[in-house]
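The block underneath contains the structure these notes are about, expressed in structure tokens.
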Amino acid sequence: MDDPEFITIFDVTSKNVEAIAPRILREIEAADFVAIDQELSGLGNTAGRGRLDLKNYYTKLQESAERRRVISIGISCFKSSAEFTKLNRECCDPLLFTCTSFNILLLPDEGFLMDGSAQRFLVAHRFDLNRWIDDGIIYSPLGMHNDFMASVVQKLLTTKAILVFHNGLTDLAYFYRSFYNPLPKSNEIFAADIADMFGDRLFDTKVICNKVLGWRMHSLEYCYKKAQRITEKSRRDGKPAVWLQEPQIPPAGTELMTIPTARRRTEFAVAPKVGVDVCDLVYHFGFCNAFKTGTCKLTVEQHQMDLVLDVEEQKSAVDVIGEKTVTASVNATDSVSSLLQSIHQSITGSSSQVNQDRLESDHSLVLTPASSIPAESPMPLDGPRTSIFNYVPKPGRGMPYTKPLPPPVHPQRLGSGHFTIDNGLTYNLDFGLHSAGFDAFMTGYVFAVCLAQLGREAKEDGRAVFKHCHDFVGRVHITGKSEVFSCLRSLHVKASARHLQKIARIRALEERVGGEVVIAQGSV
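In the working numbering, the protein residues as written are 2 to 525.
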């Protein structure tokens, strides 16, 4: 039994939402867990935010979320399949899921800010702004009117399914402000509201991978591809492993996206070196903005996350960056700045200071003033560079001379997550996978592997849950900080009155309909 080679994602727009809305609500209701990812209209000025205390950090986050909105949401529903288990008893303790993912295009029905840098990022990742305006599903922020998203949010609030985020604090703040209520003034009341909304159903895969499993990096692409490898090894070793099956045939007329999940391994004749076999920034931080702007000297192949994991599995505990050796432990706060500076100089040849806040953040919106980002070049004319200089012997002389470098290599987009460069090969670049629907799937897959790794049990209703999770349930990651944000019930802080009134109405409605799928009138 093999996993599907492609993941199918339902593309939900104003043109097909009427047909597919009931299925979305049914999938959420029946799921063991639901993974969520969002695309945002911006993050505001994040510079220095990671150095603030929690109170001031939340204030800055609140200010950003008040003026910006969710413009796309990915929902990936994982349901364990008892029947599928019976048909595949040759698997050792299989954790089998049917996975159904949705990429929902949303258009807020009110004025909001959209950062210029966010627009550049979205367009670079093939987010069609014209299609967003034409086909986005209009929703009323704060759920002031009955609409499709109001029904989805109500179902997420009342389902028994676990809710999973990756790097969750920012997404939770924007989710709360865009679909539910104005954000509370204090982080304590916000935490109390979230705790009352989701209870013990809230998890963050970044917290689990970092604090519990101790993985070296925690970007979503890294965690997803590492989870794939753990699954392969667990299957070979006869240990608990995750298996997936495709969802049922979608309704007629449904728009679909298919994204490949295949990967490749690289074998090295000698011990691989960071900065030679793989880009330093991708290896240490999971991404390389220099490559996307054409200033990184390494090739497209050397920016693959699969290659990062190949090197990680085969290299020694010491990373070699040019002629400078640094230890692989880069988590110490006092060494990050100097390490970033060394890597930046190695890649670009520039001694300019690296913005640590940008490099430490792995959120999908990398906010940089548009004027500071070089315009993308057309399809390059020459092959990709493999070193900072191309030495070619000059005719009649033995000494080499420095050949001028070719134009920067800019990958060209070929559909979801696919790029090509001038050598005609196609690559699945990780920084091209920022569809909210696919990011939600990756988050859910990582969570499923965490269930297999950490031990799970079945609840009375058949849903798979962790055997022990008191150390990480209700805790979400704070971008740029080592601490976590705790969303646990407290006897000392009460939830906001506005939230308590609203959630009481939602829960009363759920009791009246008895869990039946009901779409708010006027929602489609």
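For glycine and all other residues, C-beta sits at the position ideal for the given N, C-alpha and C. Owing to the predicted nature of the structure, the values given are computational and were not obtained by experimental measurement.
Between which two residues does the alpha helix (DSSP H) holding residue i run?
i	result
ALA437	437-455
ALA119	117-125
ILE231	221-238
VAL165	VAL165 -> not in any alpha helix (DSSP H); beta strand (DSSP E) instead, spanning 163-166.
GLN155	149-159
GLU19	18-31
THR60	55-68
VAL283	281-286
THR267	No alpha helix (DSSP H) contains THR267, which DSSP labels as neither H nor E.
GLY169	169-180
VAL275	Segment: none, VAL275 is in no alpha helix (DSSP H) and carries neither H nor E.
LEU308	306-315
LEU130	130-136
What whole-angstrom Cβ distance do residue i and residue j have, given they're in contact under 8 Å?
i	j	result
VAL71	GLN120	Not really, about 15 Å apart at Cβ, beyond 8 Å.
ARG69	GLY49	Incorrect: roughly 19 Å between the Cβ atoms, too far for contact.
TYR58	ILE479	7 Å
ASP311	ARG266	6 Å
ILE37	ILE10	Their Cβ separation, rounded to whole angstroms, is 14 Å, which puts ILE37 and ILE10 out of contact at 8 Å.
SER81	LEU97	6 Å
LEU455	VAL213	7 Å
ALA509	ASN104	Going by Cβ atoms, the distance from ALA509 to ASN104 rounds to 32 Å, so no, they are not a contact pair.
GLN315	ALA272	7 Å
PHE292	HIS304	5 Å
ILE29	LEU157	6 Å
Which same chain residues, not among the five before or five after residue i, have their C-beta less than 6 Å away from its C-beta?
i	result
THR14	LEU106 and ASP136
CYS100	PHE79 and LEU245
GLN502	none
ALA496	ALA193, ASP194 and ASP197
SER235	ALA242
LYS61	ARG50
PRO142	PRO109, GLU111 and SER179
GLN155	ILE507
HIS167	THR206, LYS207, LEU221 and THR444
LEU426	Unreliable positioning characterises LEU426 in this predicted model, as indicated by a pLDDT of 38, which lies under 50. The coordinate reading is nonetheless provided below. None.
SER317	Note on SER317: pLDDT 46, under 50, position unreliable in the model; the coordinate value appears next. Excluding positions up to five away in sequence, the list is empty.
ALA31	LYS80
Could you work out which residue in the options is closest to residue i when comparing CA atoms only?
i	options	result
VAL277	GLN502, LYS298, TYR175 and TRP216	LYS298
GLY200	LEU114, VAL154, SER497 and ARG476	ARG476
MET306	ASN131, GLN246, GLU233 and CYS224	CYS224
MET218	SER491, SER483, VAL474 and SER187	SER483
SER220	GLU28, PRO185, LEU96 and VAL283	VAL283
ALA151	ILE25, ASP4, PHE7 and LEU164	ILE25
LYS226	TYR446, THR171 and ALA498	TYR446
VAL494	GLU64, ASP440 and PHE191	PHE191
VAL165	LEU55, LEU114, THR206 and VAL514	THR206
LYS274	VAL309, LEU108 and VAL301	VAL309
GLU461	ARG513, ALA162, PRO109 and LYS16	ALA162
ASP54	GLY45, VAL485, ILE134 and SER141	VAL485
ASP33	VAL466, ARG499 and ARG513	VAL466
VAL35	ARG457, PHE448, GLU512 and HIS285	PHE448
THR47	SER65, LEU41 and MET115	SER65
TYR140	GLU314, TYR181 and LEU492	TYR181
ARG202	ARG464, ALA174, LYS56 and ALA441	ARG464
ALA441	LEU492, SER102 and ALA459	SER102
LEU492	GLU189, HIS500 and CYS289	GLU189
LYS240	ALA459, ALA453, TRP133 and GLU268	ALA453
THR300	VAL279, GLY215 and ALA22	VAL279
If you drop the 5 nearest sequence neighbours on each side, which residues of the same chain put their C-beta closer than 7 Å to that of residue i?
i	result
VAL450	ALA228, ILE231, THR232 and VAL243
ILE209	CYS451 and PHE473
ALA196	GLY475, CYS488, LEU489 and ARG490
THR159	ILE507, ARG508 and GLU511
GLY169	ASP205, VAL477 and HIS478
MET115	SER42 and GLY43
LYS16	ASP136
Can you name the start and end residues of the beta strand (DSSP E) that residue i belongs to?
i	result
LEU41	34-41
PHE191	Segment 188-199 is the alpha helix (DSSP H) holding PHE191; no beta strand (DSSP E) there.
GLN246	242-246
PHE79	71-81
ILE8	7-13
PHE204	203-205
Run the proximity test for residue i: is its beta-carbon closer than 7 Å to any non-hydrogen atom belonging to the ligand ATP?
i	result
ALA174	Judged by which ligands are present, the structure shown has none, so any question about the ligand ATP falls away.
Short of 8 Å in beta carbon distance, which residues of its chain neighbour residue i, apart from the five on each side in sequence? Order them along the chain.
i	result
HIS469	LEU455 and GLY456
Inset, instruction - Could you name each continuous beta strand (DSSP E) segment of 3 residues or more that falls completely within the segment 449-500, going from the start of the chain to the end? - result: 457-459, 465-467, 476-478 and 485-487
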